[in-house]
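All residue numbers for the sequence shown refer to our numbering, where the first residue is 87 and numbers rise by one. Backbone N, C-alpha and C fix where the C-beta goes; we use that ideal spot for every residue, glycine too.
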Amino acid sequence: MDLKIQSALISVFYKDGLEPLLHTLNQQGVKIYSTGGTRTFIEGLGLPCIPVEEVTNYPSILGGRVKTLHPKIFGGILGRRTEQQDLDEMQTYEIPMIDLVIVDLYPFEETIAQTNEEHLIIEKIDIGGPSMIRAAAKNFSHLTVLADKKDYSSLNELLLAQNGSTTLSQRRSFAAKAFEVIRHYDTVIANYFNAETKVLRYGENPHQEAKFTGQLDLIFEQLNGKELSYNNLVDVDAALQLIAEFQKNQPLFAIIKHTNVCGIAFGENGSDAWKRALAGDPESAFGGIIITNGNIDAGLAREIQDIFFEVLIADSFDAEALEILKQKRTESSYVKKRHTL
87 MDLKIQSALI SVFYKDGLEP LLHTLNQQGV KIYSTGGTRT FIEGLGLPCI PVEEVTNYPS
147 ILGGRVKTLH PKIFGGILGR RTEQQDLDEM QTYEIPMIDL VIVDLYPFEE TIAQTNEEHL
207 IIEKIDIGGP SMIRAAAKNF SHLTVLADKK DYSSLNELLL AQNGSTTLSQ RRSFAAKAFE
267 VIRHYDTVIA NYFNAETKVL RYGENPHQEA KFTGQLDLIF EQLNGKELSY NNLVDVDAAL
327 QLIAEFQKNQ PLFAIIKHTN VCGIAFGENG SDAWKRALAG DPESAFGGII ITNGNIDAGL
387 AREIQDIFFE VLIADSFDAE ALEILKQKRT ESSYVKKRHT L
């Protein structure tokens with residue numbers, strides 16, 4: 087079912103690339119509702135715009151925390167055009183139909199990358215935006231939702247080519263992307279709240295301090311050895327990223343030192359792969375990070391223990407292998423992967 091867009095609710099943080107789409111909507115006679123900075127931007131282009139406050143009869147309150155969370159807004163988004171009861175209630179309560187929702191989200195991810203001040207971070211947790219996006223995506227049969235600024239131009243092209251209409255499959259596609267945007271946004275927020283900060287032994291150099299924020303136990307389980315240092319973690323990350331590039335269909339070993347690959351090789355078995363990798367640069371391998379895509383058994387442990395290494399990463403360790411390694415390399419760390427990045 088094609089849908090002719092006659093009204094749009096637009097509330098975005100990023101205005102880059104929005105102008106051509108706004109002009110198209112105006113030329114096609116679309117009634118635009120908007121809030122705050124987006125409304126100022128639209129009016130600055132000389133285009134008509136209806137403030138959301140005129141619909142809700144309620145001002146923006148609590149420092150802008152509450153603007154669009156109102157039945158007249160969500161009724162307009164969630165109302166079903168094929169349900170007579172919905173249509174009757176929308177008429178009774180003077181709820182305008184909204185055919186297009188263009189909303190992006192406060193830059194939470196960018197904020198946590200720029201500051202550690204929690205009050206600034208918390209204020210970038212969007213409430214109204216995700217709510218409107220979810221509502222519009224749920225009701226994709228009856229309206230179009232746009233949740234990514236990268237899609238401004240693609241929607242503009244569709245409206246120009248289709249005389250202001252969208253097809254059901256197009257609306258469903260936009261809805262799917264909208265849910266992905268929300269999923270990613272919520273995941274980043276959850277990770278922020280779940281993150282643990284630990285003080286590392288030292289930074290890149292002994293006189294420097296370092297902290298790690300995150301959940302290492304989701305990536306690996308440390309089975310033995312001293313706490314990993316900043317440089318250890320950098321090399322462990324490089325090792326995990328490296329091995330993730332190869333399919334796990336053949337035994338593989340790699341040796342990393344200061345994020346540089348000293349040796350990497352496939353083999354007929356684990357022992358063969360280890361010998362090939364070590365042969366790449368046996369001198370530089372001393373004190374490096376060793377990683378494999380398989381299990382460490384007792385035989386492999388005896389071979390590997392002949393060289394000093396900082397960390398050994400594997401999918402699993404046999405109990406006998408761990409005992410062999412612990413006896414010879416008590417200062418080294420043994421790590422079992424839970425998840426490959």
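For Gln256, the first and last residue of its enclosing alpha helix (DSSP H): Leu254 to Asn280
For Pro137: DSSP bridge partner residues: Ser120
Per-residue DSSP class, three states only, for Asn310: strand
Cβ-Cβ distance between Gly103 and Tyr238 below 7 angstroms: yes
Asp383 to Glu406 span [Cα, whole Å]: 7 angstroms
At least 3 beta-carbon pairs within less than 8 angstroms: the segment 334-349 vs the segment 302-313: no
Beta strand (DSSP E) segments (min. 3 residues) lying fully within the segment 143-221: 186-189
Pair within 7 angstroms by beta-carbon distance, Gly356 and Leu386: yes
Cβ separation of Cys348 and Gly366, assumed to be a contact under 8 angstroms, to the nearest whole Å: 6 angstroms
The ligand FAD heavy atom lying under 6 angstroms from the CB of Glu105: In the structure shown, the ligand FAD is absent, as is every other ligand, since no ligand is present at all.
His425 classed as buried or exposed, judged by whether at least 16 other C-beta atoms fall within 10 angstroms: Here His425 scores only 46 on pLDDT, less than 50, and its place in the model should not be relied on; the value that follows carries that caveat. So His425 counts as exposed.
Beta-ladder partner(s) of Ala94, from DSSP: Ile118 and Leu186
Euclidean distance between Cα positions of Glu195 and Glu409: 43 angstroms
C-alpha distance - Glu140 paired with Gly122, whole-angstrom precision: 13 angstroms
Whole-number beta carbon distance between Pro106 and Arg125, since they are thought to touch under 8 angstroms: 18 angstroms between Cβ atoms; not a contact.
Buried versus exposed, by CB contacts within 10 Å (16 or more), Glu180: exposed
Residues of its chain near Thr154, where Cβ-Cβ distance is below 7 angstroms and the 5 sequence neighbours each way are ignored: Ser97, Thr121, Val138, Gly214 and Met218
Helix, strand or coil at Leu427 according to DSSP, with G and I counted as helix: In this predicted model, Leu427 has a pLDDT of only 37, less than 50, meaning its place in the structure is not dependable; the value taken from the coordinates is given anyway. It is coil, neither helix nor strand.
When Lys361, Ala281, Lys158 and Ile207 are compared against Tyr144, the one with the closest alpha-carbon: Lys158
Identity of the residues DSSP links to Lys297 by a beta bridge: Val285
As assigned by DSSP and simplified to three states, the class of Phe339: strand
Coil, strand or helix - Ser315 by DSSP: coil
Assigned exposure category for Val293 - 16 Cβ within 10 Å defines buried: It should be noted that the sequence gives His, not Val, for residue 293. The residue is exposed, with fewer than 16 neighbouring Cβ atoms inside 10 Å.
C-beta atoms of Leu232 and Asp185 nearer than 7 angstroms: no
Phe298 versus Asn291, Ala281 and Ala199, residue with shortest Cα-Cα distance: Ala281
Delimiting residues of the alpha helix (DSSP H) encompassing Thr110: Glu105 to Gln113
8 angstroms Cβ shell around Glu396 - same chain, five flanking residues per side excluded: Asn318, Asp321, Gly373, Gly374, Ile375, Ser418 and Ser419
Straight-line Cα distance separating Ala276 from Leu411: 38 angstroms
Host beta strand (DSSP E) of Glu396 (start-end): Phe395 to Ala400
Distance CB(Ala264)-CB(Ala223) smaller than 7 angstroms: yes
Anticipated Cβ contact below 8 angstroms, Ala340 with Ile393, distance rounded: Incorrect: roughly 14 angstroms between the Cβ atoms, too far for contact.
Proximity to Ala371 [Cα-Cα], best of Asn379, Gln391, Asn381 and Phe352: Gln391
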